[in-house]
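Below you'll find the structure, written out as structure tokens, and then a few comments.
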Amino acid sequence: MARWGHVSSPSWAQQMVLMYRRRHRVQMMPSAWERKHYSSELDKATAFLPSLISSEYLGTSFQAVHGVLLFADISDFTSLTENCIRKSGSEGGTDELVEALNHYLCDILEDMLSLGGDVLKFAGISAGNMHQVSFGDERRQYFCVVGKPLEDVCEAQKLASASEIVLSASCWKLCEKHRLRTSHIAGKTAVKVTGMNQMSRSECQDILDKLLQKKKRYIMEKEYAVRPALFLNSDTDVGDILSYLPKSALRKLDDRVLHDFLCELRPVTSLFLHLDFDTKSVVSFRSLLNEVNSLIQEVIYPHKGEVNKVLLFDKGCTFLCVFGLPGVKLLHESIHALQSAIQIFNSCSKIIAKIGKVSVSVTTGMAYCGLIGHPLRHEYTVIGQKVNLAARMMVSYSGLVTCDTTTYASSGLPPYYFKLLPERKMKGFEHPITVYQYVGITMKSIFGMALAMKMPENTSLLGRKKEIDLFVNCLEACNRFGQRQMLAFEGTRGSGKSRLLNHLAQLGRSAGCRVFGMELLEVNVRQSFSAMRILMARGLGLQECKSCSAREHVLQTNLQGIIEESNYCLLNDIFLVKFPISDKVRQMHEMQRKEELHSTWAKMLEKTIDRNAIFIIDNAHFIDPASWSIMGPLLWNISFFMVMSLCPGFARTDSFHKTTADNLMSHKITYFHLEKLKPSAVVQKLCQDLGVVSIPRALVRFLLQRSLGIPYYCEELVHFLLCNNMLLFCTKSWYEEAEDNWENLNTFAVQESFLTTSSRSSTGSAAMICIIRPGVNLDSTVLPSNLKEIVLAQLDEIKSLEQTVLKFAAIIGLVFTTQLLSYILPTGIRHKMTILLDSLVSDNILKWIDSTEEPDVQDPSKEPATSPQAEIGVETSVPSKQSAGCQFGVLMFHKPLLREAAYELWVQKQRVTLHCKCAAFLERHAHKCQRCGQGDFIVFHRFAVASTQDKRSYITDTQEEQQQQKAFVEENFGNKQTTELPSKTDREDNSACLCDCKGIVESVLVPLVHHYMTLGNAAKAFYYLLETAAAYLHVCNCYMALRKLSEAEILRNSLKNKANVISRFEDATFFSLKGEVCCCVGRMELAKKMISKALSLLGRPFPQTCTGVFVRSQVEKLQRATYVARRASSLPQEAQRKKVAWLLRQSCCLSLLEHLFSLEGTSVGWRLSRLAACMKATTDRAVDVYQSGSLQEL
């Protein structure tokens, strides 16, 4: 066996060869998926399979083969994974691991394929006779190899250390021993290879010639890789081949998703099942695998789980099942996996009880789901830290069903479903891992699983006045007139159903009613009679009974005289009691027994439950079918008050819909749909939960956009912000008395206006207010894990091609233009874009808007919106047919969380490529509009920072992409031609801008900042942040200019080697723009400080003392135009342009300083204003000289 993890570093020549081969793959192989000779479905499918799966083996159960097995193990893979995760986080570390692994495997595979070998599984050396075994069912087929060579190669693997090759005895017998240098292993028949004599060129050629003479061989272009499986018989049934492919990959292939986009980073739940038994008998082994596979499929199929791979070793077999793969994500994924695990464990334990034991482990976390291997031979798999952890847990905790802490927490199950196991050191993990045993349903969980309704907190329930009034009216009618009703509140997950029912329970108790509250869980659906059992247990107090006899005593005491004693045995299965079977019941057939049970149940409810009792059932959609078959017909006739909550999309909810539609039942059932909270209620809830009287508008905008008025989303987002220390709390008095400096201006003014709650606004200066911590950018926050599962489940309900379009749109941002989307879409999808976008709009996933500016949030206390920005982002009609053909328009994600979830699915390498393509597209339009001269918003900016502009990389466009560029310009900004230099008037103050520059800043500059920040290009990001801030000042939007300068401040402070990234000119421009913003918001003294700082950086310091003012005045009088002209003529063109940029920035600063000092109204202010004007005049004369020279050269 060759362990490749610690192989010595390759030589310089070997490294160059590897670099060449990898570069060739990057350039050539990704396009192989679309090349002519790989375009058929058969060619695509065979890349997933080894050469053994060929026409002569299809349809056979097992086939004898003769060959050599090479077991190549990547040692310390778990440690490598841990290091990557520790260094770059869960997503980044997984991405780095996969990219390194793919490069490595491709290098190995190209050598292996070129010598006629192939890969059986992506998972010593041995040889001999063995069997290829196929097993499975109509859903999926699997293959593996069994026999003595497999046992030998596994034994050789155990004998090999890192960087060693071990040959089994059977393989050593078949080798040409004179070519190898070996050493014996004490007490073993295997040998260790220490070296190999190099073969001559003629010998190598003879071996290759023999390989090429075989039939059905194909030489991979320029790589000499033989792939027999690529040339199957023309009459081969594609269905036979596709049956071996994972369903997750097959779904993508069916939707013709391109090869490059089969990979995603997403949270999944992994389930490892290990069957430890002897595999010597091939026939019995195959029969056992078929039985186990059928069992697994029956268990996991309803939960949308899939068997990803089957691994065979000398001692047993391992199945890897995955929940949450692309296209099949479900809510409560962890519960689905745990339920499947315990069912598989119990069933498999019975199957192999006499020959072995079963181990199951479950973990939840981020994983790479996609292709691993070579473009011509790969597999669809899952890779990640949590997948490795599951494999280690399966070995370390043998004979148990175990799970990690993430699965334990995300399941939401009560603690008594689990048992904490002692920590054990696991291979590859630096520290012991906390592991739980999942014990499943126990006696305690059967009667204690319904969580008692919690008392609501001492806070009012906001935004649910209609629902509360409805309950109060129904309760009053019940108490006064005896009118029993059922209230059913339907709402999506997180809409506040549980909190509403908690509040209603408190109101019922306050009214003197007995309230029996119960909360059903997802596990109750698959437990027969669980809802009935819990309902009666709450009413009769059975949950307190610890034994069967105690439950029997309580039932006999309460049911005496209500039902016949001969019918007690009907309750055995429901309440887990052991009443003797009466002769009467024994003689009943199934239908009679069911009718009698219904009658017994009705009598129990009618006679034992207090008429004043209120039953509250949270998550009633989890009522199991057995309970519903009895409860359903009776609920509408029972004389007690019941309140329940339901979630759409469940069978039980649909049955309630049908019942309420019946006119005969409408007076007994009131069905109420919970609406989303209004913005005003969201603001009040935030203030109430945070204990403040005021919150910043930026925070409200962030929460309203992402929560869409769903309380649970809002709570999770706020919890995420608090846990990550992104919010600050202070008193009103501290806020009002804050020192006048840039940090406080950045902290408070960037919050825009504060939204307050009228009920608590009069608490005085000691009241607390909430602000966003300086340096925090809410738009860049990641999606909380609890919300990610919900949103991914919604995303997976969308068709594959539509998902692909959404993923590309997510790269652009929350708001995007169809022209840019069309530019970055692959050619195979681009022509379908119009149809796909129309479908997404009709499904309320995307919406058309008027502009690329993200909609603001209005003050909830005022109607209509009080700010012009509040009207932006209103939905519009679909573009006209003339434009719809080209899809000219602006779209926005209806649910921002959906965009964030789609974005996080991208693999890092793909993200970088697409962000670069977006930036290259937008950079060509990053200038003023035609009416404003088409120059930089910071005049001559590109010439002052030439090194930054040299890094601009343009992508060569096709003719179609060039037309899209032209359409983008004409549609968004009119027909413009870009020029290098602005007009002289560009440096004049523009107090009002009635032009297209606003569209440019929103659709070009703001996205450019986003793309370069994501790419980690600090220089370009800072460059366009300054351009964006200047552009917002140009269009008189001081608030947005302040926000962008705040982002620039964060980026500037985060740089370690600031001088290498930010030029002195840009640093000066940064402070001068700060000064302009301070002037706009009325902070005049702060503006003077900023401008003076900028002038110092520009080499034109403004004097601060009387002596300095006098000296500078005399110096300005001595300036001579002839000297400036002579100096300008001696400079090269680039230097002249750079000098113009510096002079123009100096002129801008001096002009503002002149204005600021003139506002003082004092003699000192007048003198300083005159000096600033004099310095500006001198600077302007120099600008004219330098600029005239630059224009002549142009």
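Residues in the sequence shown are numbered consecutively from 50, following the numbering used here. Built from N, CA and C at the ideal position, the CB exists for glycine as well. A quick note: this is a predicted structure, and the numbers were derived from the prediction, not measured.
The beta carbon of V1160 lies closer than 8 angstroms to those of P1152 in the same chain, with the five residues before and after it left out.
Here T318 is bridged, per DSSP, to F372, T413. Exposure of N246 is indicated by the presence of fewer than 16 other C-beta atoms within 10 angstroms of its C-beta. The stretch 523 to 592 is shown to contain whole beta strand (DSSP E) runs of 3 or more residues at 535 to 539, 564 to 568, in chain order.
Per the Cβ contact rule, the stretch 352 to 360 is not in contact with the stretch 441 to 456 (fewer than 3 Cβ pairs under 8 angstroms). Under DSSP, Q486 takes part in a beta bridge, and its partners are T451, K468. One thing to note: I290 has its Cβ within 8 angstroms of the Cβ of A94. Taking the Cα of R189 as reference, the smallest distance to any Cα among L223, C253, L338 is reached at L338. Beta-bridge analysis with DSSP links K406 to D325. Non-local C-beta neighbours of K1188 in its own chain, meaning closer than 6 angstroms and more than five positions away in sequence, comprise Y1235, ordered along the chain. Between L855 and L940, the gap from beta carbon to beta carbon reaches 8 angstroms or more.
Comparing alpha-carbon positions, the option among K707, E1096, G543 lying closest to D828 turns out to be E1096. Around Y617, the same chain offers F628 as residues with beta carbons nearer than 6 angstroms, after the five sequence neighbours per side are excluded. Note that the C-beta distance between P316 and G373 is below 8 angstroms. Contact annotation: I432 and L324 have beta-carbon atoms that are not nearer than 8 angstroms.
Secondary structure at N826: coil, using DSSP grouped into helix, strand and coil.
In the three-state DSSP reduction, T231 falls in the strand class (E or B). G244: member of the beta strand (DSSP E) spanning 240 to 245, first to last residue. For D667, the enclosing beta strand (DSSP E) covers residues 663 to 667.
Closest in C-alpha terms to K1225, from the list K1166, T1211, C597, comes K1166. Between the alpha carbons of K514 and H976 lies a distance of about 52 angstroms. Of all C-beta pairs linking the stretch 1072 to 1080 to the stretch 1118 to 1125, three or more are shorter than 8 angstroms, placing the two stretches in contact.
Closest in alpha carbon position to H233, among L1091, A205, Q254, is A205.
With 16 or more other Cβ atoms from the protein chains shown falling within 10 Å of its own Cβ, P833 counts as buried. Assignment of T1211 by DSSP, reduced to helix, strand and coil, places it in the coil class. With 16 or more other Cβ atoms from the protein chains shown falling within 10 Å of its own Cβ, Q1195 counts as buried.
DSSP places G1124 in the uninterrupted alpha helix (DSSP H) bounded by 1113 to 1129. In terms of Cα proximity to E347, the closest of D186, Y457, N437 is D186. Residue range 817 to 821 is occupied by the beta strand (DSSP E) that includes I821. Under DSSP, no beta-bridge partner is assigned to G610. Residue state for S183 is assigned as strand, using DSSP reduced to three classes. As a beta-bridge residue in DSSP terms, Q190 pairs with G185.
Contact annotation: G422 and L591 have beta-carbon atoms that are not nearer than 8 angstroms. Within its own chain, the residues whose Cβ lies closer than 6 angstroms to the Cβ of A439, once the five positions on either side in sequence are excluded, are S319, F321, S410, T412, listed in chain order. A straight line joining the alpha-carbon of L470 with that of Y350 spans about 29 angstroms. Shown here, S694 sits in a strand according to DSSP, grouped into three states.
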